[in-house]
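Take a look at the structure set out below.
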Amino acid sequence: MNERIYFDSDALELTTSVLSCSAREDGRYQVVLAATLFHPQGGGQPSDSGTIDSVNMLQALQSDDGIIHITSGPLDLGTVTLKVDGAARELHARYHSAGHLIACAGEKYGWLGLKGNHRPGESRVVFDPTDHARPVTEEMLQADVAALVAQNLPRNVDVSQGRRVVTWGQLPPTACGGTHVRSTGEVGEIHIVRVKQKKGQLSVQYELDADEALEPAGLETC
Ligand SMILES: [Zn+2]
Numbered sequence: 001m002n003e004r005i006y007f008d009s010d011a012l013e014l015t016t017s018v019l020s021c022s023a024r025e026d027g028r029y030q031v032v033l034a035a036t037l038f039h040p041q042g043g044g045q046p047s048d049s050g051t052i053d054s055v056n057m058l059q060a061l062q063s064d065d066g067i068i069h070i071t072s073g074p075l076d077l078g079t080v081t082l083k084v085d086g087a088a089r090e091l092h093a094r095y096h097s098a099g100h101l102i103a104c105a106g107e108k109y110g111w112l113g114l115k116g117n118h119r120p121g122e123s124r125v126v127f128d129p130t131d132h133a134r135p136v137t138e139e140m141l142q143a144d145v146a147a148l149v150a151q152n153l154p155r156n157v158d159v160s161q162g163r164r165v166v167t168w169g170q171l172p173p174t175a176c177g178g179t180h181v182r183s184t185g186e187v188g189e190i191h192i193v194r195v196k197q198k199k200g201q202l203s204v205q206y207e208l209d210a211d212e213a214l215e216p217a218g219l220e221t222c
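Residue 1 is where the sequence shown starts when you use full-length UniProt numbering, and the numbers rise one by one after that.
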């Protein structure tokens, strides 16, 4: 089982070692590292991407034995340097964190955030009703999430026994393995595109401010 450095670190660069590398049928390679900074795909958000030495790291996947890294080329066993694509990480963290804020806003009206898709262009949060659920509109959620962003609440992360619990300020904490902004202001403006009720569930579609999303974050170490 590789060490998940990303669990309590925002670092984008790390020196570690390759434990195994094998060819896949699709012409790519799969690599196991002693420690990793790459967030795997999951929790409704895409995988980190980046490089391992001069080889592209295309996708990180969670498996029963830890994180598998899909790469464009082979790597020798031994010491390597990981670099996470900072711009993609930041964009995914903003979309994923926006999903948390929308879930918090929905709870206020009696809706329980169940699952989310945090890919840009198809982002939404799906809620189940509690017994005190009441109707919500785009405008209501829009105002609530805008207030949470404006408060610029700091992130709190608690890692214990392999489990990570995340929140911002005094918002209800959630056990989550995704990527999260350091403070709610970093999410930027959240646009609630559509609120739809179907088969008892509430689906909230959202987008983020595109201009901010395109700002390059670079490959800097935090
Ligand atoms: Zn999360």
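Every residue, glycine too, gets a C-beta built ideally from N, C-alpha and C.
Do the CB positions of residue i and residue j come within less than 8 Å of each other?
{"i": "Val126", "j": "Gly116", "result": "yes"}
{"i": "Gln41", "j": "Gln59", "result": "yes"}
{"i": "Phe38", "j": "Val159", "result": "no"}
{"i": "Thr179", "j": "His100", "result": "no"}
{"i": "Glu3", "j": "Leu82", "result": "no"}
{"i": "Val187", "j": "Tyr206", "result": "no"}
{"i": "residue 301", "j": "Val195", "result": "Because residue 301 is not part of the residues shown, which for the chain are 1 to 222, the question remains open."}
{"i": "Gly200", "j": "Asn152", "result": "no"}
{"i": "Ile190", "j": "Ala98", "result": "yes"}
{"i": "residue 223", "j": "Asp48", "result": "Outside the displayed range of the chain (1 to 222) lies residue 223, so it cannot be described from this structure."}
{"i": "residue 245", "j": "Ile102", "result": "Because the chain spans 1 through 222 in this model, residue 245 falls outside it and cannot be assessed."}
{"i": "Thr79", "j": "Val55", "result": "no"}
{"i": "Gly73", "j": "Val32", "result": "no"}
Count the other CB atoms, across all protein chains shown, that sit within 10 Å of the CB of residue i; report buried if there are 16 or more and exposed otherwise.
{"i": "Pro173", "result": "exposed"}
{"i": "Ala34", "result": "exposed"}
{"i": "Gly162", "result": "exposed"}
{"i": "Gly27", "result": "exposed"}
{"i": "Gly106", "result": "buried"}
{"i": "Thr15", "result": "exposed"}
{"i": "Leu114", "result": "exposed"}
{"i": "Leu202", "result": "buried"}
{"i": "Leu75", "result": "buried"}
{"i": "Asp64", "result": "exposed"}
Just checking my contact of residue i with residue j at CB under 8 Å: how many whole Å lie between their CB atoms?
{"i": "Leu112", "j": "Thr130", "result": "6 Å"}
{"i": "Pro154", "j": "His92", "result": "With a Cβ gap of about 20 Å, Pro154 and His92 do not count as contacting."}
{"i": "Val204", "j": "Arg124", "result": "6 Å"}
{"i": "Arg164", "j": "Ala175", "result": "7 Å"}
{"i": "Gly50", "j": "Val18", "result": "So it is not a contact: roughly 15 Å between Cβ atoms."}
{"i": "Gly177", "j": "Gly86", "result": "19 Å between Cβ atoms; not a contact."}
{"i": "Ile68", "j": "Leu61", "result": "5 Å"}
{"i": "Cys104", "j": "Leu208", "result": "Contact flag wrong, Cβ pair sits at about 17 Å."}
Mapping DSSP to helix, strand and coil, what is residue i?
{"i": "Gly185", "result": "helix"}
{"i": "Gly218", "result": "With a pLDDT of only 39 at Gly218, under 50, the local geometry of the prediction cannot be trusted, and the value read off the model is given with reservation. DSSP places Gly218 in coil when its eight states are reduced to three."}
{"i": "Cys176", "result": "coil"}
{"i": "Gly99", "result": "helix"}
{"i": "Ala11", "result": "coil"}
{"i": "Gly200", "result": "coil"}
{"i": "Tyr109", "result": "coil"}
{"i": "Glu122", "result": "coil"}
{"i": "Glu139", "result": "helix"}
{"i": "Glu212", "result": "Unreliable positioning characterises Glu212 in this predicted model, as indicated by a pLDDT of 48, which lies under 50. The coordinate reading is nonetheless provided below. Reduced to three states, the DSSP call for Glu212 is helix."}
So within the stretch 35 to 94, which uninterrupted beta strand (DSSP E) runs reach at least 3 residues, ignoring any that extend past its ends? 50 to 52, 55 to 63, 66 to 71 and 78 to 84
In chain order, which continuous runs of the beta strand (DSSP E) of length 3 or greater are located wholly inside the stretch 141 to 166? 155 to 160
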